[in-house]
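The numbering of the sequence shown is the working numbering, which starts it at 134 and goes up by one. Comments concern the structure below.
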Amino acid sequence: MLQCEPLAGLPDIPAAKFDPQVLYVDIWWWPYNARVDWEKVRSKLTLNEQRRATAFHFDKDAIAFMAGRYLQRFVLSKYTSVPQRDLDIVAGVHGKPHLANAGMTFNLTNTEGVGCYRNQLHRQDAGY
134 MLQCEPLAGL
144 PDIPAAKFDP
154 QVLYVDIWWW
164 PYNARVDWEK
174 VRSKLTLNEQ
184 RRATAFHFDK
194 DAIAFMAGRY
204 LQRFVLSKYT
214 SVPQRDLDIV
224 AGVHGKPHLA
234 NAGMTFNLTN
244 TEGVGCYRNQ
254 LHRQDAGY
């Protein structure tokens, strides 16, 4: 199974280079567990994401949130070569998240113990 480095080690992949005229869809997942260093995960999130994680009433919900956001930032950083905390994730016209100034959209879902992330690289004029 894939694991999420540096915590439990997603595979070390080179930064992706993609043709903006072609559609790509990649799916990543991370079966995380209690042995993860959650303070290390938290340190990779933005300050706003750290505050949101702290606001959850139940630890399991905060952990699921942090796992999902960490997976999202880890993968996007690999594709873009931008440090995880420097990624500018914004909402599009219809609320769909994407990277500012990039033809990339993504979806994230998580449940207790598994984070799942879909990355879609597409033509710049496809809209999101």
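By construction, the Cβ of each residue, glycine as well, lies at the ideal position given by its N, Cα and C atoms.
For residue i: DSSP bridge partner residues
i      : result
TYR250 : TRP161, LEU241
Closest by C-alpha distance to residue i, when choosing among the options
i      : options                        : result
GLY248 : LEU180, GLN183, THR187, PHE207 : PHE207
ASN240 : GLN205, ASP219, LYS193         : GLN205
LEU178 : THR242, HIS190, ASN252, ILE196 : ILE196
LYS173 : ARG218, TRP161, VAL158, PHE191 : ARG218
ALA233 : LEU220, ASP192, ALA188         : LEU220
GLU245 : HIS231, TRP163, VAL158         : TRP163
TYR165 : ARG184, SER176, ARG185, LYS193 : LYS193
Neighbour flag for residue i against chain B, beta carbons, 9 Å
i      : result
TRP162 : Checking the listed chains, one finds no chain B in this structure; it contains a single protein chain.
- Message: Taking 8 Å as the cut-off, does the stretch 168-181 touch the stretch 192-203 (at least 3 CB pairs, one atom from each stretch)?
- Response: Segments in contact, yes.
- Task: Quick one: which unbroken alpha helix (DSSP H) runs of 4-plus residues sit fully inside the stretch 153-235? Chain order, please.
- Result: Whole alpha helix (DSSP H) segments, 4+ residues: 171-176, 180-188, 192-213.
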